[in-house]
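Residue numbers (this note's numbering): 3 to 475.
Accompanying notes for the structure given below.
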Amino acid sequence: MKYETIVGLEVHVQLLTNSKLFCNCSTKFGEKANTQVCPICLGMPGVLPVINEQAVRLAIKSAFALHCEILKFTRFARKNYFYPDLPKNYQISQFEEPLAINGYLNLGKKKIGIKRAHLEEDAGKLLHPEEEAYSLVDFNRCGIPLLEIVSQPELKSPQEAEDYLNVLKLILKYLEVSDCNMEEGSLRCDANLSVRPQGENNLGVKTEVKNMNSFKSVRKALSYERERQIKLLEKGGKVNQETMLWDEKKGITLPMRSKEESQDYRYFPEPDLIPLAFNEEWLKKIEQEVAELPETRKKRFIENYFLSDYDAGVLTSQKPLADYFEETVSRGGKPKLVSNWILTELLGRLNSRHLTIGQSPFTPAHLVELLKLIEEGKISGKIGKDILAKVFDSGKSPTSIIKEEKLTQISGNALLLKVVVEVIKENPKTISDYKKGKERALGFLVGMVMKKTKGRANPANVNKLLQEEIKKL
Ligand SMILES: [Zn+2]
């Protein structure tokens with residue numbers, strides 16, 4: 003029998019605010035445990051939470067980018083449960099009145115529905131010291147703003163789930179609402195998966211899979227879980243609705259607990275926070291901040307700059323990289339050339355130094371200057387690459403490096419002629435080969451001249467001069 007797979011994803015992203023969702027504590031990652039806490043995020047009796055406007059703004063910005071309907075009236079709710087990383091014994095979240103509903107995300111030609119997006123606070127973090135019989139708790143993360151984005155169960159394979167996550171991450175990073183760093187926990191994903199025989203209309207029983215620490219492991223965990231459910235059904239068994247933990251080392255999912263229903267959480271409206279109602283003007287302003295998204299920008303790069311699909315895709319994969327490209331072009335760089343230099347020379351150099359494009363010592367102004375020097379014939383393309391490396395290390399401008407190192411191309415033919423004659427004298431065997439019709443011999447001679455001039459000669463010029471001189475022999 004053939005089975006159809008149905009996946010829905012719940013993604014939590016940490017919003018890039020300086021302070022927590024309901025207090026002034028810092029959200030900085032990696033600080034000493036329990037140093038970024040106050041009576042509010044520790045849930046002391048009698049304290050009152052105050053909403054962080056920036057968190058609401060970032061959440062709405064994300065919702066606009068995901069084509070959601072922003073609800074004009076939204077309210078926080080208490081989600082009650084007991085766990086040692088949750089000092090209040092409830093989490094402030096949103097339940098019946100979330101911030102945004104009914105959006106979608108473009109996945110190639112498909113639209114994947116976004117059921118809802120809502121704000122909530124993060125919990126603390128349990129630490130388990132190795133070989134100790136106790137656990138420790140760090141409350142620094144308590145109260146950090148999270149945006150939960152719930153997809154419709156419309157993803158049809160583990161691969162599609164991975165693709166969805168990549169597109170979502172690209173959008174959120176583009177908007178600068180989250181750094182989406184999975185290692186630091188600023189993006190987390192839970193996945194629901196069910197299978198059903200092809201042609202069946204009712205959904206199968208789903209399981210929730212947790213504990214994946216990369217998009218690749220989301221795909222692997224879902225593939226495993228799909229096979230596990232199909233095997234179970236084939237044997238005449240039943241899938242239990244439960245939460246599964248992904249064991250990365252063993253490559254298997256293991257049952258963790260039976261799945262809670264929302265009634266288990268005894269949700270009720272948060273009495274300490276007033277509901278939020280947004281005015282039209284404020285929303286409009288935020289909508290305008292949702293600049294061109296990666297997909298649209300890629301299309302524009304292809305149409306306006308005549309770049310290939312691949313090049314435009316790489317350039318628009320990070321907002322700062324696309325900005326770097328456009329700044330260079332606006333300063334007069336030719337788009338195709340600029341794109342080539344960024345993709346082949348600059349990115350590799352940045353990667354090997356673990357630098358982001360924003361940290362590049364080689365600026366758009368440098369690139370424009372370098373391209374102009376090559377175009378004017380002052381330096382060769384090869385020397386240009388060396389200069390890029392030198393600008394990278396010293397931060398000096400291409401022109402000053404050329405002056406310091408006397409790297410300009412030898413344009414006067416007198417000097418070049420001297421070298422050409424020298425090379426001809428030194429290579430009688432190659433000359434006779436060439437005269438016998440061995441075309442390749444000329445390339446060797448050009449190479450020798452380039453070597454002697456340390457790449458400062460114009461290869462086309464050298465070629466011409468060599469042929470003229472050989473004819474005279
Ligand atoms: Zn606090």
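Backbone N, C-alpha and C fix where the C-beta goes; we use that ideal spot for every residue, glycine too.
Can the beta-carbon of residue i be found less than 8 Å from the beta-carbon of residue j?
i	j	result
residue 369	residue 401	no
residue 14	residue 190	yes
residue 163	residue 207	no
residue 65	residue 101	yes
residue 90	residue 267	no
residue 24	residue 123	yes
residue 462	residue 451	no
residue 432	residue 419	no
residue 152	residue 12	yes
residue 387	residue 328	no
residue 223	residue 211	yes
Quick one: give me the first and last residue of the alpha helix (DSSP H) that residue i is part of.
i	result
residue 165	160 to 176
residue 88	Unbroken run through residue 88: none, as it is neither H nor E.
residue 325	321 to 332
residue 15	From DSSP, residue 15 is part of no alpha helix (DSSP H) but of the beta strand (DSSP E) over 5 to 16.
residue 147	Taken as a continuous stretch (DSSP letters only), residue 147 belongs to no alpha helix (DSSP H), being part of the beta strand (DSSP E) at 147 to 153.
residue 188	Note, residue 188: premise wrong, no alpha helix (DSSP H); not H, not E.
Below 8 Å on the Cβ atoms is my guess for residue i versus residue j; work out the distance and round it to an integer in Å.
i	j	result
residue 403	residue 393	7 Å
residue 168	residue 217	6 Å
residue 79	residue 271	6 Å
residue 228	residue 147	That pair is no contact at about 33 Å.
residue 177	residue 314	That pair is no contact at about 20 Å.
residue 62	residue 276	Not confirmed; about 17 Å, so no contact.
residue 38	residue 142	4 Å
residue 338	residue 309	7 Å
residue 99	residue 75	7 Å
residue 1	residue 157	Since the first residue shown for the chain is 3 and the last is 475, residue 1 is missing from the structure and cannot be characterised.
residue 120	residue 150	5 Å
residue 22	residue 54	7 Å
residue 198	residue 6	6 Å
residue 471	residue 421	Not really, about 11 Å apart at Cβ, beyond 8 Å.
Skipping 5 residues on each side, what residues in its chain have a beta carbon closer than 8 Å to that of residue i?
i	result
residue 424	454
Is residue i helix, strand or coil when you go by DSSP?
i	result
residue 312	helix
residue 404	helix
residue 336	coil
residue 114	strand
residue 226	helix
Please list the terminal residues of the continuous beta strand (DSSP E) segment that includes residue i.
i	result
residue 389	Premise fails: residue 389 lies in the alpha helix (DSSP H), 383 to 396, not in any beta strand (DSSP E).
residue 468	Premise fails: residue 468 lies in the alpha helix (DSSP H), 461 to 474, not in any beta strand (DSSP E).
residue 455	From DSSP, residue 455 is part of no beta strand (DSSP E); its letter is neither H nor E.
residue 298	No beta strand (DSSP E) contains residue 298, which is instead part of the alpha helix (DSSP H) from 296 to 307.
Within the 8 Å Cβ cut-off, does residue i reach chain C?
i	result
residue 83	The structure shown contains no chain C; it is built from a single protein chain.
By Cβ distance, which residues of its chain are closer than 7 Å to residue i, with the 5 residues on each side in sequence left out?
i	result
residue 171	182, 189
residue 86	128, 139
residue 226	253, 254, 255
residue 179	17, 18, 60, 63, 64
residue 333	366, 367, 370
So, at 6 Å on beta carbons, what are the nonlocal neighbours of residue i in its own chain, with the 5 sequence-adjacent residues on each side left out?
i	result
residue 8	155, 196
residue 40	25, 27
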